[in-house]
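Engineer:
Numbering (this note's numbering), first residue to last: 1 to 76.
#1: Buried or exposed, going by whether 16 or more other CB atoms sit within 10 Å of the CB of residue 43?
#2: When we look at the beta-carbon of residue 29 and count the other beta-carbons within 10 Å, is it buried (16 or more) or exposed?
#3: Grab the span of the alpha helix (DSSP H) containing residue 63 for me, first residue to last.
#4: In angstroms, rounded to a whole number, what distance separates the CA positions of residue 36 and residue 25?
#5: Who pairs with residue 77 in a beta bridge, going by DSSP?
#6: Can you check DSSP and say which residues form a bridge with residue 25?
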């Protein structure tokens with residue numbers, strides 16, 4: 001959960017944050033222009049039976065949302 005977010009490709013802002021619905025759904029959003037990345041949802045949210053499982057699932061989905069935002073800036 002410590003991967004830095006790349007800046008917004010639309011306005012150039014570095015005021016990026018990961019948002020959530022309170023469930024295991026996460027996306028990256030620009031605080032300046034409100035551009036958003038893809039919403040990433042847990043496929044196995046029904047498997048959350050305790051705090052340890054919840055932390056694992058939420059962490060994985062959070063990291064996937066960050067990973068889906070950042071590669072758009074990689075140059076091949």
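Ideal placement from N, C-alpha and C gives every residue a C-beta, glycine not left out.
Keep in mind the model is a prediction, meaning the values are calculated, not measured.
Structural biologist: The structure says:
#1: Against the chain shown, residue 43 aligns to sequence position 43. Looking at its Cβ environment, which holds fewer than 16 other Cβ atoms inside 10 Å, residue 43 is exposed.
#2: Counting from one through the chain shown, the residue named residue 29 turns up at place 29. It is buried - the Cβ of residue 29 has at least 16 other Cβ atoms within 10 Å.
#3: Taking the chain shown and counting its residues from 1, one reaches residue 63 at position 63. 51-69 is the extent of the alpha helix (DSSP H) around residue 63.
#4: Locating residue 36 in the chain shown gives position 36, counting from the first residue. Locating residue 25 in the chain shown gives position 25, counting from the first residue. If I take the Cα positions, the gap works out to 13 angstroms.
#5: With the chain running from 1 to 76 in the structure shown, residue 77 is simply not present.
#6: Position 25 of the chain shown holds residue 25. In the DSSP assignment, the residues bridged to residue 25 are 41.
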